[in-house]
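Worksheet for the structure shown next.
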Amino acid sequence: MFARNWNIDFMKGRKVSALVSIVLIVASLGLLVTRGLNLGIDFQGGILMQLEFPSRVSVDEMRTLLGDVGQEGAQIQAYSDRGILIRLQSHQGEVREQTLAAIRTQHPDVDVLRLEKVGPVVGEQLRNEALLAVAIALIGILAYITVRFRFRFAVSSVLALLHDTIITLGVFSLTWREISLPFIAAILTIVGYSLNDTIVVLDRVRENWRFLRNWGIAPLLNTSINQMLSRTINTSLTTFLPVLAFFIWGGPVIANFSFALLVGIVVGTYSSIYISGGVLCAWYERSPER
1060 MFARNWNIDF MKGRKVSALV SIVLIVASLG LLVTRGLNLG IDFQGGILMQ
1110 LEFPSRVSVD EMRTLLGDVG QEGAQIQAYS DRGILIRLQS HQGEVREQTL
1160 AAIRTQHPDV DVLRLEKVGP VVGEQLRNEA LLAVAIALIG ILAYITVRFR
1210 FRFAVSSVLA LLHDTIITLG VFSLTWREIS LPFIAAILTI VGYSLNDTIV
1260 VLDRVRENWR FLRNWGIAPL LNTSINQMLS RTINTSLTTF LPVLAFFIWG
1310 GPVIANFSFA LLVGIVVGTY SSIYISGGVL CAWYERSPER
């Protein structure tokens, strides 16, 4: 799509970009502390309803019915042509009765096979184990990039990953979009995408490192980023556009997953240039390394 020789002085704007990132991170952390996250049924539990209809019923029809009574966030799963599983976020009996009444207005002969309160799929133990797994993964990334490249490269990469994750969580807190299990998959996808983009840029920095004495750190980083810029733009656009289509036309089931990826792609592309490159530049200027 884009294949040209770029010559953009990215490092000239690194202080402004650093200030923007700090503001975004502080705002995101503030939102997470004061506003929190809209945790879905996977994290908070709710009511499970197993319904059997006398005739074929679709998930879309059921989603429309539940949306009319304010249960847009309910999980709906068809296990047969006439069988539907519904998980409501609320534990309240009023919500359960209101939902059943709405369904019975359209399907008065529906059979309720199961009706029970359920706990969260993701419990405290699982959350702690997930956090531990992420911490171990970050340490592994730090060790691998240190061995493969340099320790400073590893630190800048991990900082870029943390930057992307915190801002994505902040955007979800601000927009009050629901956090469910697919969101976890989206965060892991964002981490993989951002890390891949950062590694590509840093690999070119490593190749050009032999010119450091003659060029200086800022020109070296600018040259390396510009050399990979076409690849970065092409990768980002070819990823962003399909995800945008999923977000617009994919329906409510994957809307939050797609939205998380859209935010992650934008922030990840930005961080692979300004966070990893900016950290390397500032670090070298304070403590030169050959």
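End of the sequence shown sits at 1349 in my numbering; the numbers just go up one at a time, nothing left out.
Where is the CB? At the ideal position from N, CA and C, for every residue including glycine.
As the structure is a prediction and not an experimental result, all values here were calculated from the model.
(1) Indicate the three-state DSSP secondary structure (helix, strand or coil) for GLY1199 in the structure shown.
(2) Is ASP1262 closer than 7 Å to SER1331 when the C-beta atoms are compared?
(3) Within the same chain, show all residues whose beta-carbon is closer than 6 Å to that of ALA1213, passing over the 5 residues directly before and after it, in chain order.
(4) Over what stretch of residues does the beta strand (DSSP E) that includes GLY1142 continue unbroken?
(5) Considering just the uninterrupted stretch of the alpha helix (DSSP H) at MET1121, what are its terminal residues?
(6) Of the choices ARG1272, ILE1307, VAL1259 and GLY1275, whose alpha-carbon is the least far from that of THR1328?
(7) Please look up how many angstroms separate the CB atoms of SER1087 and ALA1219, rounded, as I've assumed it's under 8 Å.
(8) Between which two residues does the beta strand (DSSP E) containing LEU1110 stretch?
(9) Are the beta-carbon atoms belonging to LEU1098 and ILE1238 less than 7 Å from one another?
(10) How would you write the range of the beta strand (DSSP E) that GLN1136 sits in, first residue to last?
(11) Quick one: measure Cβ to Cβ for GLY1105 and SER1149, integer angstroms, because I've assumed they're closer than 8 Å.
(12) From what residue to what residue does the alpha helix (DSSP H) around ARG1269 run?
(13) Got a sec? Which residues, its chain only, sit under 6 Å from LEU1197 by beta carbon, not counting five neighbours each side?
(14) Between the stretch 1272-1289 and the stretch 1069-1078, can you find at least three pairs of beta-carbon atoms closer than 8 Å?
(15) Report yes if the CB atom of VAL1128 is closer than 7 Å to the CB atom of ALA1161, and no otherwise.
(16) Candidates PHE1299, ARG1209, ILE1249 and LEU1233: which alpha carbon is nearest THR1224's?
(17) Using alpha carbons as the reference points, say which of ALA1304, SER1289 and ILE1313 lies closest to PRO1241.
(18) Can you give me the C-alpha to C-alpha distance between ASN1281 and ILE1246, rounded to a whole angstrom?
(19) Cβ atoms of ILE1143 and LEU1110: under 7 Å apart, would you say?
(20) Quick check: what's the CA-CA separation for ARG1173 versus ARG1236?
(21) Cutting at 7 Å between CB atoms, please list the residues of its own chain near VAL1230, excluding the five before and the five after it.
(22) Can you tell me whether GLY1152 is buried or exposed, with buried defined as 16 or more other CB within 10 angstroms of its CB?
(23) Would you kindly check if the distance between the Cβ of SER1283 and the Cβ of VAL1264 is under 7 Å?
(24) With distance defined between alpha-carbon atoms, name the residue in HIS1222, GLN1165 and ILE1307 nearest to LEU1125.
(25) Go ahead and pull the three-state DSSP assignment for ARG1263.
(26) Residues bridged to ARG1173 by DSSP?
(27) Check the DSSP bridge columns for LEU1098 and list the partner residues they point to.
(28) Report back the beta-carbon spacing between VAL1075 and SER1215 to the nearest angstrom; my notes put them in contact at under 8 Å.
(29) With a threshold of 16 other CB atoms inside 10 Å of the CB of GLY1251, please say whether the residue is buried or exposed.
(30) With DSSP collapsed to three states, give me the class of ARG1115.
(31) Pick out whichever of ARG1141, ARG1155 and VAL1116 has its Cα sitting closest to the Cα of ALA1133.
Quick answer:
(1) DSSP, read as helix, strand or coil, puts GLY1199 in helix.
(2) no
(3) LEU1201, ILE1204 and THR1205
(4) 1142-1147
(5) 1118-1127
(6) The residue with the shortest Cα to Cα distance from THR1328 is VAL1259.
(7) No, SER1087 and ALA1219 are not in contact; Cβ-Cβ is about 15 Å, not under 8 Å.
(8) 1105-1111
(9) Going by C-beta atoms, LEU1098 is nearer than 7 Å to ILE1238.
(10) 1134-1137
(11) 6 Å
(12) For ARG1269, there is no enclosing alpha helix (DSSP H), as DSSP gives it neither H nor E.
(13) VAL1217
(14) yes
(15) Closer than 7 Å, so yes.
(16) Sorting PHE1299, ARG1209, ILE1249 and LEU1233 by C-alpha distance to the C-alpha of THR1224 places ILE1249 at the top.
(17) Measuring from the Cα of PRO1241, the nearest candidate turns out to be ILE1313.
(18) 29 Å
(19) Yes, they are a contact pair.
(20) 29 Å
(21) VAL1322
(22) exposed
(23) Taking a C-beta distance under 7 Å as the contact criterion, VAL1264 and SER1283 qualify as a contact pair.
(24) GLN1165
(25) helix
(26) GLN1109
(27) ILE1238
(28) No, VAL1075 and SER1215 are not in contact; Cβ-Cβ is about 18 Å, not under 8 Å.
(29) exposed
(30) Coil.
(31) ARG1155
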